[in-house]
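One structure is given here, and the rest of the page talks about it.
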Ligand SMILES: NC(=O)c1ccc[n+]([C@@H]2O[C@H](COP(=O)([O-])OP(=O)(O)OC[C@H]3O[C@@H](n4cnc5c(N)ncnc54)[C@H](O)[C@@H]3O)[C@@H](O)[C@H]2O)c1
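Residue numbers (our numbering): 3 to 306.
Here you go:
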């Protein structure tokens, strides 16, 4: 007996909601009609919101604190299995426990992004735990505040290694998997400092500027292979990184004045635009740099 059209539609919706991977569109053929169902249609048909990262697997480097931690929690809430990659083991494990306690899926993989073997291991552990990798979000970062004319070589190198070379290593090994499966999403973290000079941060400026061009290169080279790559450029955000420099109300007020919104960001305010860029909502967005800076890039670094 040929099933009724409505039954075919329900069957198809159930199949997609059970998480049949790789089927962006199902053709339902009945005796009277051919019906194409896309995810967007199904959201409309069901009249309820599906999670933005349902059945996705996302690596987030530097996810033990700050923006990375906020993104790990948000991505997990949106249905992703999240791999927390960081050098800080205790804090990273805590993020995983918090996600699991809230009903999400997460794994900690100790990763120093400056070591290529760690980046390779990160991809391998992700694939063996979750049998997939959809999103690589390179968020780990580090800054050292000092003028160029006194900056020691080791401080220069450390900032280039963590911010730029580490991003490259994870991109390189994620790309090898993305090329095998014919799809993948990269999100790299630069900064407003990859665009505007910031005081006493020559290496950080150079590294973050490099991250922007590295990402544009990847977007350009691998777009035709199904890979999207974008950059997020946060403005000043209250995290572990800024705790050391925003030490008083006066400094906080000065930092706030850098943004035309006259305040600094909370980590979730960076994580939400990151979610947009890694999700299918941004399916036609690649090679772009999204400034999430409260308007700081409009006026540069204002002081006083
Ligand atoms: N906070 C800001 O104002 C601001 C502004 C612009 C850009 N950013 C960028 O946002 C990203 C997140 O920074 P945050 O503000 O949340 O700071 P954070 O210090 O809270 O987090 C950075 C994380 O990176 C991890 N990390 C450092 N070195 C690593 C390494 N070698 N391997 C793996 N992990 C490593 C740290 O352990 C930490 O968990 C960074 O790339 C930073 O440069 C931050």
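In this text, a Cβ means the ideal position worked out from N, Cα and C, and glycines have one as well.
If you measure from the CB of residue 243, is any heavy atom of ligand 1 nearer than 7 Å? yes
Where residue 152 falls: helix, strand or coil (DSSP): coil
I'd like to know whether the C-beta atoms of residue 89 and residue 112 end up nearer to each other than 8 Å. yes
Anyone know if the C-beta pair for residue 217 and residue 141 falls short of 8 Å? no
The beta strand (DSSP E) that contains residue 57, what's its start and end? From DSSP, residue 57 is part of no beta strand (DSSP E); its letter is neither H nor E.
Across the segment 202–217 and the segment 154–172, are there enough close Cβ pairs to call them in contact, namely three or more that are closer than 8 Å? yes
Note the first and the last residue of the continuous alpha helix (DSSP H) segment covering residue 219. 204–224
Residue 269 vs residue 68 beta-carbon contact at 8 Å: yes
Any heavy atom of ligand 1 closer than 7 Å to the CB of residue 229? no
From the DSSP output, in three-state form, read off residue 291 for me. strand
So, helix, strand or coil for residue 272, using DSSP? helix
Would you report the Cα separation of residue 230 and residue 285, rounded to the nearest angstrom? 8 Å
Distance CB(residue 295)-CB(residue 194) smaller than 8 Å: yes
Residue 173 lies in the beta strand (DSSP E); which residues open and close that run? No beta strand (DSSP E) contains residue 173, which is instead part of the alpha helix (DSSP H) from 168–183.
Status (buried if at least 16 other CB within 10 Å, exposed otherwise) for residue 40: No answer about residue 40 holds up, because its pLDDT of 39 lies below 50 and its placement is not dependable.
Give the secondary structure of residue 286 by DSSP, where H, G and I count as helix, E and B as strand, and everything else as coil. coil
If we ignore side chains and look at the alpha-carbon of each, how far apart do residue 107 and residue 176 end up? 20 Å
So residue 54 and residue 277 are supposed to be a Cβ contact under 8 Å. How far apart are they, rounded? 6 Å
Provide the residue(s) that pair with residue 139 in DSSP beta bridges, ordered along the chain. 62, 189
Report whether the distance from the Cβ of residue 171 to the nearest heavy atom of ligand 1 is below 7 Å. no
For my contact list, residue 213 and residue 233 are in at a C-beta cut-off of 8 Å; report their separation, rounded to the angstrom. 6 Å
Tell me the rounded alpha-carbon separation between residue 293 and residue 215. 15 Å
Tell me the residue span of the alpha helix (DSSP H) that contains residue 97. 91–103
Is residue 262 helix, strand or coil when you go by DSSP? coil
Determine the contact status of residue 316 and residue 171, defining contact as a CB-CB distance below 8 Å. One cannot answer for residue 316 here, as it falls past the ends of the chain, which runs 3 to 306.
Please indicate yes or no: does the CB of residue 89 lie closer than 7 Å to some heavy atom of ligand 1? yes
From which residue to which residue does the alpha helix (DSSP H) around residue 198 run? Neither: residue 198 is in no alpha helix (DSSP H) and is coded neither H nor E.
Return the chain-ordered ranges of every beta strand (DSSP E) run that is complete within the segment 65–89 and spans a minimum of 3 residues. 83–88
Taking 7 Å as the cut-off, is the beta-carbon of residue 296 closer than that to any non-hydrogen atom of ligand 1? no
Anticipated Cβ contact below 8 Å, residue 62 with residue 73, distance rounded: 6 Å
Give me, in chain order, the residues of the same chain whose beta-carbon lies closer than 8 Å to that of residue 179; leave out the 5 immediate sequence neighbours on both sides. 125, 129, 135, 186
So what's residue 239 in DSSP terms, helix, strand or just coil? strand
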